[in-house]
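Numbering (the UniProt record's numbering), first residue to last: 3 to 213.
Heads up, the thing below is written out as structure tokens.
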Ligand code: B16
Ligand code: MG
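In structure tokens:
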């Protein structure tokens, strides 16, 4: 009785984490320190401002609010330079096919992402038309694990939360889905995403009968 599928973007439809990592590292390096790929894991699904605060903490650096804003803008400029080069070849395996199969079956589709750059990414991947609703970082005030982004998605689709399933690669995202009264399918490691109702390695593993 699932009537809608809501998809996270980074880590589910496309791997932009690698570009976020490069841009954040460049920023950290410009401030005289570095951080690891393992630390980068903690930034997944986390908002831009919050990511910066975590990174500055790792470097043991204190900045005023105005300076933080400037640094976040600098990082975003570098990040946008990279995502502007993206092509449809970067869609993760099976993602386009699974979203399309939902649509073919009459299941509504939405994007639920923390990223303020979601629209640019969807345009570069040429998949804007695959989503009935797009809720991104520009439309929400509360970050995951708050369910706001997914509740707004359900509302835009006109489907009650209990008929929605969320696809998420981040722990905070799975928590957000559950907090919103939705089913959650994790993309990644079952040991990490243990709160999800089901965990798969990627959308290539998904079929409608698993909903
Ligand atoms: P931006 P998602 C998230 O996307 C990323 O996982 C996270 O690393 C990033 O900081 C956040 O978007 C904000 O992105 O700086 O482009 O607004 O996983 O929610 O699709
Ligand atoms: Mg994600």
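Yeah, the Cβ is synthetic: ideal placement off N, Cα and C, and Gly gets one too.
Note that this is a predicted model, so its numbers are computed, not measured.
Could you please give the first and the last residue of the uninterrupted beta strand (DSSP E) stretch that includes residue i?
i	result
residue 111	110-114
residue 291	Outside the shown range of the chain, which is 3 to 213, sits residue 291, and nothing can be said about it.
residue 100	Residue 100 -> not in any beta strand (DSSP E); alpha helix (DSSP H) instead, spanning 97-106.
residue 170	166-170
residue 201	200-202
Looking at the ligand MG, does it come within less than 7 Å of residue i, judged from the CB to the closest heavy atom?
i	result
residue 175	yes
residue 14	yes
residue 172	yes
residue 10	yes
Apart from the five residues on each side of it in sequence, which residues of its chain come closer than 8 Å, Cβ to Cβ, to residue i?
i	result
residue 143	150
residue 4	109, 165, 166, 167, 185 and 213
Does the beta-carbon of residue i, which I'm using as the reference point, lie nearer than 7 Å to any heavy atom of the ligand B16?
i	result
residue 61	no
residue 142	no
residue 154	no
residue 17	no
residue 45	yes
residue 131	no
residue 139	yes
Look up residue i in the DSSP assignment and give the residues it is bridged to.
i	result
residue 186	168
residue 9	113 and 169
residue 16	12 and 93
I'd like the span of the alpha helix (DSSP H) that includes residue i, first residue to last.
i	result
residue 151	150-159
residue 78	67-85
residue 215	Within the shown structure, residues of the chain are numbered from 3 to 213, placing residue 215 beyond reach of any answer.
residue 41	39-43
residue 61	50-61
Give me the Cα-Cα distance between residue i and residue j, rounded to the nearest whole angstrom.
i	j	result
residue 148	residue 106	30 Å
residue 35	residue 55	14 Å
residue 93	residue 14	9 Å
residue 71	residue 40	25 Å
residue 194	residue 33	32 Å
residue 198	residue 38	27 Å
residue 65	residue 160	43 Å
residue 49	residue 114	13 Å
residue 31	residue 210	45 Å
residue 140	residue 118	5 Å
residue 97	residue 68	39 Å
residue 134	residue 177	23 Å
Beta-carbon within less than 7 Å of residue i's beta-carbon, same chain only, minus the 5 sequence neighbours each way: which residues are those?
i	result
residue 157	none
residue 100	205 and 208
residue 184	152, 163, 166, 167 and 168
residue 29	73, 76 and 77
residue 137	112, 113, 114, 151, 154, 155 and 158
Apart from the five residues on each side of it in sequence, which residues of its chain come closer than 6 Å, Cβ to Cβ, to residue i?
i	result
residue 126	88
residue 18	12
residue 45	53
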